[in-house]
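In the working numbering, the protein residues as written are 8 to 452.
We treat Cβ as the ideally placed atom computed from N, Cα and C, and that holds for glycine.
Remember, it's a predicted structure, so these values are computed and weren't measured experimentally.
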Amino acid sequence: MDNVRARVRIITMGAAAVLICAGIAFQNYTTAQKYKTALEVSYLRAMEDLTSYTENIAVTLTKGIYTGTAAQLNALTTKLWKEAAAAKVALSQIPTSRFNLENTYKFLAQVGEYAVSLAKKAETGQELTDEERDNLQTLSDYADSLEQSLLAAQAQVRDGRMTIGAAEEMASDMGAGAAPDLAEDLAEFEEGFTAYPTLIYDGPFSDHLLQKEPERLKDAEEVSLAEARQKAARAFNVDSGMMRNESDEEGQMPSYTFSFDGRTAAVTKQGGFLSYLTDPRQPGEILLTDEEAVAKAENYLNWLEIPDMTMTYYEIAGNILTANFAHTQEGVVCYTDLIKISVAMDDGGILSFDARGYLTNNRTRELPSPALTEEEAMESVSPALTVQDSRLAVIPSDGEMERYCYEFQCQAEDGQQLLVYVNAETGAEEQILLLSVSENGTLTI
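Structure (structure tokens):
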């Protein structure tokens, strides 16, 4: 009888344990599904925002073609600049790290700058040429194309035929069967840049600057495939035997590319510099503070032995902190020599690294003593602003030129924070940037 009771107790306890485990598993599954659904909703919202901004860009570009006055072109340019900046933020919140969207990012960067250059020209009394109006039309056509791609993808998501996250996970299978529609749409739009016009204008994203020979690669010795593999493995802190060689990249920065567990790294053939890396993992809940995530990025620069970098600002989107670092020479911040690092805010892992701006522009500069003192340069700052801090900086400017400036961090009476750049040689007010400071970091406008 005791044995029977013991068996009954064991069976009862076992059944209870199974039910408890099943309950916990169901609860975990439900929680995971809720999190996944919330993530998908946030992705869809970002896609809808990007679509709206892109539509506005297309319309504003079309208006620019027909504008007849400098004042109207300037007003349209201001709107276009804001829409392009907002579109880039929305695009950064969509999980597209597996896709090579270099042309798409370039398009959004150039749209605003090109319009600004035309507005400056109009202010001097010069009329837009037929070629410049044709360029505006072409840019508008590309914006239309991107909008249609996004609208098609949104329809797929709303109909339940695909999820944005699933497209990210399956993008590596593109071309090997039925690819997700989001991947197809983005890839088709990216490949459609064959007729994209060459835009030469005064600005850091002008094509002639993007095509110039990288300063850091000049006279650098060529590295072997094996040496580059070691560099890529070090970037991921894994054994080099785990790295798989992919197709090489050509262009102005020829590079070997490698992959590991869905992650990608490019190492320049000249000099063996890490050009960029990407990790498509989507972080979970935020466990790190902003300061801890920035420290992870700084530690990564030290790990790669890249000295004299200063964190300028950061922003947070999708539980990812992206920090911008500029090279510092003799205490002068060189904003053209830029490295961007994205950090997962759940475990501090490095999700992306982009040193192409740094490799293109970094060199030892001749930085003379400023012709103006800080006090003399400050006279060019509006009396409506209060200067809170200052330092010397090198900023991108017209053509291939750079400007050696005092950077004044200022605040207006309404609390708006700004950066004002005054030429350290002439006292000319070169540039004004608005700072948008929030819990998600700092954006410059």
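Pull the bridge partners of residue i from the DSSP assignment, please.
i           : result
residue 440 : 426
residue 275 : 262
residue 328 : 323 and 350
residue 318 : 332
residue 243 : Per DSSP, none; premise fails for residue 243.
residue 398 : 414
residue 339 : 336
residue 419 : 392
residue 56  : DSSP output for residue 56 lists no bridge partner at all.
residue 285 : 271 and 359
residue 368 : None; residue 368 has no bridge partner.
residue 156 : According to DSSP, residue 156 bridges with nothing at all.
With a threshold of 9 Å between beta-carbons, can residue i be considered close to chain C, or not?
i          : result
residue 91 : This model lacks chain C altogether, as it is built from one protein chain only.
What does a CB cutoff of less than 6 Å around residue i pick up in its chain, not counting 5 residues either side in sequence?
i           : result
residue 126 : 80, 81 and 84
residue 147 : 65, 68 and 69
residue 77  : 129 and 130
residue 223 : 366 and 369
residue 304 : 330, 348 and 350
residue 56  : 97
residue 328 : 300, 321, 350 and 352
residue 291 : 353
residue 361 : 283 and 347
residue 122 : 84 and 87
residue 293 : 326 and 352
residue 230 : 279
With a threshold of 7 Å on Cβ separation, who are the neighbours of residue i within its own chain once the five nearest residues in sequence on each side are excluded?
i           : result
residue 39  : Summary for residue 39: the model assigns pLDDT 42, below 50, so the residue's position carries little reliability, and this model does not support an answer.
residue 317 : 332, 333, 335 and 340
residue 381 : 397 and 413
residue 220 : 259
residue 139 : 125
residue 61  : 94, 150, 153, 154 and 157
residue 404 : 410 and 437
Measure the alpha-carbon distance for residue i versus residue j and round it to whole angstroms.
i           : j           : result
residue 446 : residue 91  : 22 Å
residue 254 : residue 364 : 22 Å
residue 377 : residue 366 : 26 Å
residue 315 : residue 396 : 21 Å
residue 374 : residue 432 : 11 Å
residue 330 : residue 93  : 18 Å
residue 59  : residue 101 : 15 Å
residue 393 : residue 436 : 16 Å
residue 234 : residue 155 : 44 Å
residue 150 : residue 383 : 45 Å
residue 227 : residue 73  : 49 Å
residue 54  : residue 337 : 43 Å
residue 442 : residue 319 : 12 Å
residue 416 : residue 97  : 27 Å
residue 124 : residue 408 : 15 Å
residue 300 : residue 358 : 12 Å
residue 307 : residue 252 : 23 Å
residue 134 : residue 117 : 20 Å
residue 400 : residue 379 : 14 Å
residue 173 : residue 141 : With a pLDDT of 49 at residue 173, under the threshold of 50, the modelled position of that residue is not reliable, and the figure given next carries that caveat. The straight-line gap from Cα to Cα measures roughly 39 Å.
residue 106 : residue 132 : Only weak support exists for where residue 106 lies, its pLDDT of 49 falling under 50; the coordinates are left without a value.
residue 267 : residue 232 : 16 Å
residue 238 : residue 161 : 40 Å
residue 419 : residue 249 : 54 Å
residue 402 : residue 247 : 38 Å
residue 434 : residue 296 : 40 Å
residue 264 : residue 285 : 11 Å
residue 145 : residue 75  : 19 Å
residue 225 : residue 113 : 24 Å
residue 289 : residue 421 : 38 Å
residue 298 : residue 423 : 23 Å
residue 236 : residue 302 : 27 Å
Less than 8 Å between the CB atoms is what I'm expecting for residue i and residue j, so what's the real figure, rounded?
i           : j           : result
residue 429 : residue 413 : 5 Å
residue 71  : residue 115 : Not really, about 16 Å apart at Cβ, beyond 8 Å.
residue 87  : residue 119 : 6 Å
Could you name the residues of the same chain whose beta carbon sits closer than 8 Å to that of residue i, not counting the 5 residues immediately before and after it, in chain order?
i           : result
residue 439 : 425, 426, 427 and 428
residue 63  : 86 and 90
residue 371 : 336
Notebook entry, point to check: So does the stretch 273-293 actually touch the stretch 233-242, counting three or more Cβ pairs closer than 8 Å?
Noted result: yes
Notebook entry, point to check: Within the chosen definition, does the stretch 258-278 reach the stretch 306-320 through at least 3 CB pairs nearer than 8 Å?
Noted result: no
Notebook entry, point to check: Are the stretch 344-353 and the stretch 252-262 touching, with three or more C-beta to C-beta distances below 8 Å?
Noted result: no
Notebook entry, point to check: When the Cβ atoms of the stretch 386-402 are set against those of the stretch 352-364, are three or more pairs found closer than 8 Å?
Noted result: no
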